[in-house]
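As structure tokens, the structure follows; a few thoughts come after it.
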Amino acid sequence: VAAAAALAVILSAEAAAPSVLAADSAGNDDEVSLLQHATAKIDRRGSRSDQELVLVHIPYNFGHTVENVAMFGSGGLSVAKMFGYLTTLGGFSEIKRQASWKEANFFSRPGGEVWGHLNPDLQVMNEITGCPMYYSPQKYWPKKIAEKYIGNKTVFGMLRDPYERLVAFFRGNFA
């Protein structure tokens, strides 16, 4: 029933708003616009929980950005919270100590997700790679950590344009 209601909301929103794949405003049918022209609220009761997703970070593919927005939200206050949390851990580019879950939950927005480098369970060094868990391939994670972080969740990640990623390697942490 909830899924049918959500579908009805989506369909009514699509009928009321131009499609995001509609021709451009000049009427050129050869071009596609990916701009969002309308939004609709969807009743998520009875649908999949947000807790069923987990980010697997691939370095230099906007993972830290996704992790930060998932935990802190967006806007000025969220940036201040992010810097506050990371400063308590030793800095932005390198985490020098493991946070407690009490700290992570204190800084996290209500309903926020604590993924990747912000997750206290992944802020330990991997004995095989010599890197933090959040930068190590999951096949090298201890089973206990992998089951806690990934478990039965739907895993997602992002891939950046290879040339942009290469440039980001040379530009450093803020690219």
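Here the sequence shown stands for residues -22 to -1, 1 to 153, where the numbers follow mature numbering (1 follows the signal peptide of the UniProt record, and there is no 0). We put the CB at the ideal spot given by N, CA and C, even for glycine.
Between L31 and the rest of its own chain, which residues show a CB-CB distance below 7 Å, the 5 nearest in sequence each way excluded?
K131, T132, F134
Beta-carbon within less than 8 Å of I106's beta-carbon, same chain only, minus the 5 sequence neighbours each way: which residues are those?
S114, Y118
For Y127, collect the residues of the same chain with a Cβ closer than 8 Å to its Cβ; drop the 5 residues on either side in sequence, then sort them by chain order.
Closer than 8 Å at the Cβ level, and outside the excluded window around Y127, lie V32, N97, D99, L100, W119.
Helix or strand or just coil, what does DSSP make of F134?
In the structure shown, F134 sits in a strand (DSSP, three-state: E or B).
What do you reckon, are the CB atoms on M49 and S86 nearer than 8 Å?
yes
Give the range of the beta strand (DSSP E) segment to which V44 is assigned.
Taken as a continuous stretch (DSSP letters only), V44 belongs to no beta strand (DSSP E), being part of the alpha helix (DSSP H) at 41 to 50.
So what's P110 in DSSP terms, helix, strand or just coil?
strand
Taking L33 as part of the beta strand (DSSP E), name the residues at either end of that continuous run.
31 to 33
Helix, strand or coil: how does DSSP classify D2 here?
Low confidence applies here, because D2 scores a pLDDT of 44, under 50, leaving its location unreliable; read the following figure in that light. Coil, per DSSP.
Please report the distance separating the alpha-carbon of S52 from that of N104.
Cα to Cα, the separation comes out at about 31 Å.
Kindly give me the distance between the Cβ atoms of R75 and L67, rounded to whole angstroms, as I take these residues to be in contact under 8 Å.
6 Å
Would you tell me roughly how many angstroms separate the C-alpha atoms of G129 and D139, rounded to the nearest one?
29 Å
With L45 and W93 assumed to form a contact (beta carbons below 8 Å), what rounded beta-carbon distance in angstroms separates them?
Looking at the sequence provided, one finds Glu at residue 45 rather than Leu. Contact annotation, E45 with W93: C-beta distance approximately 5 Å; criterion of less than 8 Å satisfied.
Which first and last residues belong to the alpha helix (DSSP H) in which V145 is found?
140 to 149
Determine the DSSP secondary structure at P(-5), reduced to helix, strand or coil.
Confidence at P(-5) is low in this model, with a pLDDT of 43, below 50, so its placement is unreliable and the value that follows should be read with caution. Coil, per DSSP.
Any idea if E125 is buried or exposed, counting beta-carbon neighbours within 10 angstroms, 16 or more meaning buried?
exposed
How many Å lie between K122 and A146 at the Cα?
Their backbone Cα atoms lie some 33 Å apart in a straight line.
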